[in-house]
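One rule links them: number in this note's numbering = place in the sequence shown (from 1) + 1032.
For glycine and all other residues, C-beta sits at the position ideal for the given N, C-alpha and C.
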Amino acid sequence: MKLSAKATATCVIALVSILWLADLGWTKEQKSLVILTRMMDMQDRWFRKEIIASFEKEHDAKVTVVSFDKFWDLEVILKLERDSERHSIGLVKIPLEMTRPLKDFMVPYDDLVSKKELSALKSQYDKKAIELGTMNGKLYYLPRKLETRMITYLKSKADEAVMGWGKFKAEINRALKGDNGFGLPAGYQLEKDPNLWDYYDLFVVSYYWAHTPYYGITMPRMAHRGKKYGGTVVGLVDRIYQMGGASEDVLKMSAVPVVDMFVWEAIYRKNGLYNPGMWQDPWSGGGIWNAMKDGKVFLAMMHQIDSFFIHGGTHPHMQGYLADPDDMGVAVMPEGISFELEKKGFPKRTGNRKAGTAGWWWGIPKASPHPELSVALARWITNQDKHLSECKVFGMMPIRKDILANLQKVFPKGWMANVFDVSTRQIRLNGDATMPLLPEYSDVGKIYLRAWYDIVVAGNYGKDGKVDRDYIQERIERIYVPMVKEVLGDKYPN
1033 MKLSAKATAT CVIALVSILW LADLGWTKEQ KSLVILTRMM DMQDRWFRKE
1083 IIASFEKEHD AKVTVVSFDK FWDLEVILKL ERDSERHSIG LVKIPLEMTR
1133 PLKDFMVPYD DLVSKKELSA LKSQYDKKAI ELGTMNGKLY YLPRKLETRM
1183 ITYLKSKADE AVMGWGKFKA EINRALKGDN GFGLPAGYQL EKDPNLWDYY
1233 DLFVVSYYWA HTPYYGITMP RMAHRGKKYG GTVVGLVDRI YQMGGASEDV
1283 LKMSAVPVVD MFVWEAIYRK NGLYNPGMWQ DPWSGGGIWN AMKDGKVFLA
1333 MMHQIDSFFI HGGTHPHMQG YLADPDDMGV AVMPEGISFE LEKKGFPKRT
1383 GNRKAGTAGW WWGIPKASPH PELSVALARW ITNQDKHLSE CKVFGMMPIR
1433 KDILANLQKV FPKGWMANVF DVSTRQIRLN GDATMPLLPE YSDVGKIYLR
1483 AWYDIVVAGN YGKDGKVDRD YIQERIERIY VPMVKEVLGD KYPN
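Below, the structure is given as structure tokens:
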């Protein structure tokens, strides 16, 4: 159900009312504050029991955990809190896309601790995580976790495709030649290691799977999120970055890397390589987990927590989705290369293996009732013991240097260490790539979803069944760029 703007505002105001009434049971002797979070139910329960309860005992304080729903509700909540005479919120869990819009509500840690303490604090965390929480030279946000996507696949099925794809080589060349005029790139070879794959490699292995019976059924077995929500947009933006794009290209929407992304999506769709459950069910992360369990998907672009759920973690509700958990493999993202080939058969454009870096940070509102307690709580949540425990249980990517430097030691289960090792490598490959850090990005994302369902799912990528790059670009510029311009106004890139 989609709420009206009035109904949404009513819900937010109701949440703020709950915040202001949350301290009815607090004693006068205790310091108290509210922490705003957003987590899965099982993680929320664990967080309250294993982290908050021990903090309250250690600091003789009362911490009330309140969950928010939509990212953009945070701005309304914090504004109401700031403008009221009743201040209770002491710590807020904030996604990367909201860190810039909420900056003016927050007090930097620089203003709450000494220079020596600040230096010692920052030195404990991954450099990239600290950089993303820093603005105008001040640390506004203490990192909670980083996130990125990577290839998650079944090792046995990848090995089989590497060994057996040759029997489909002639078919694959015919299928590709109809759209790129050549077939597979000149001198093509399929590497055994998925860490070395590119977009043509994804075509080859997924073509093999789509034309080979498994469990008595022949069907497409590659996927990514397809539900009409932000997670699907994240995957499309990753592909834009892999094609050599930047956040400005995402916002412009008609740039070469954006069109390259839509071309490849159309190629995979046209050739029946994407499992149609992506858009028919449609699938978010959980849909893909179940598809891997049912043998419907062998490869998808997933993040760290996805991998823990697919494999099975240490939480009793995280039982896993594979008959053989050891068959799960992870690799860095495929290299983006253009579908278009030049006359000698080599890609016209070569990109990289980037994905957007995302994550969550802890911010302290200027209206915090006890700023020193807020700092203590943020540090408590991310100390080595508590942070390591949460990473082990829920697959959060570590952001502490003392954990990242000893992955094999602190994660004795080899598959866990491997997930985080590949994730760390992927973060390094990402460089400065993040989603566009603008409040309007959410609305731009909705336009991308509409375009993907139109061009890719509905097959509006050319005439007579041909994937036509010029046709796709014209459609984007005619239909969707005006929508983006209306959303961004003077923020639209020149």
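Where do the ends of the alpha helix (DSSP H) carrying residue i lie?
i, result
"residue 1308", "From DSSP, residue 1308 is part of no alpha helix (DSSP H); its letter is neither H nor E."
"residue 1267", "1262-1274"
"residue 1291", "1288-1302"
"residue 1150", "1147-1154"
"residue 1217", "That residue, residue 1217, is in no alpha helix (DSSP H); it is neither H nor E in DSSP."
"residue 1356", "Note, residue 1356: premise wrong, no alpha helix (DSSP H); not H, not E."
"residue 1117", "Unbroken run through residue 1117: none, as it is neither H nor E."
"residue 1511", "Premise fails: residue 1511 is in no alpha helix (DSSP H) and is neither H nor E."
"residue 1164", "1159-1164"
"residue 1420", "1416-1426"
Our contact map puts residue i next to residue j with C-beta atoms below 8 Å; I'd like the distance itself, whole angstroms only.
i, j, result
"residue 1095", "residue 1106", "Contact flag wrong, Cβ pair sits at about 18 Å."
"residue 1272", "residue 1290", "6 Å"
"residue 1246", "residue 1196", "In fact, because the Cβ distance is near 13 Å, the residues do not count as touching under 8 Å."
"residue 1353", "residue 1316", "About 14 Å; that fails the 8 Å criterion."
"residue 1399", "residue 1113", "6 Å"
"residue 1369", "residue 1230", "5 Å"
"residue 1333", "residue 1183", "6 Å"
"residue 1323", "residue 1303", "Not really, about 19 Å apart at Cβ, beyond 8 Å."
"residue 1066", "residue 1109", "Between residue 1109 and residue 1066 the Cβ distance is about 10 Å, and since that is not below 8 Å, they are no contact."
"residue 1458", "residue 1364", "5 Å"
The beta strand (DSSP E) spanning residue i covers which residue range?
i, result
"residue 1173", "1173-1179"
"residue 1095", "1093-1099"
"residue 1065", "1063-1069"
"residue 1320", "Premise fails: residue 1320 lies in the alpha helix (DSSP H), 1317-1325, not in any beta strand (DSSP E)."
"residue 1125", "1121-1127"
"residue 1202", "Element bounds for residue 1202: not the beta strand (DSSP E) but the alpha helix (DSSP H), 1201-1212."
"residue 1332", "1331-1335"
"residue 1195", "Residue 1195 -> not in any beta strand (DSSP E); alpha helix (DSSP H) instead, spanning 1187-1196."
"residue 1363", "1360-1363"
Cβ of residue i within 7 Å of Cβ of residue j?
i, j, result
"residue 1127", "residue 1279", "no"
"residue 1100", "residue 1068", "yes"
"residue 1268", "residue 1525", "no"
"residue 1335", "residue 1179", "yes"
"residue 1395", "residue 1141", "no"
"residue 1513", "residue 1285", "yes"
"residue 1454", "residue 1329", "no"
"residue 1387", "residue 1132", "no"
Specify the secondary structure class of residue i as computed by DSSP and reduced to three states.
i, result
"residue 1397", "strand"
"residue 1506", "helix"
"residue 1379", "strand"
"residue 1056", "Confidence in residue 1056 is poor, its pLDDT being 44 and thus under 50, which makes the residue's placement unreliable; the coordinate value appears in the next sentence. Looking at residue 1056 - three-state DSSP - the assignment turns out to be coil, as it is neither helix nor strand."
"residue 1449", "helix"
"residue 1390", "strand"
"residue 1230", "strand"
"residue 1437", "coil"
"residue 1082", "helix"
"residue 1407", "helix"
"residue 1278", "coil"
"residue 1525", "coil"
"residue 999", "Absent from the structure is residue 999, since the part of the chain shown begins at 1033 and ends at 1526."
"residue 1481", "helix"
"residue 1432", "strand"
"residue 1074", "helix"
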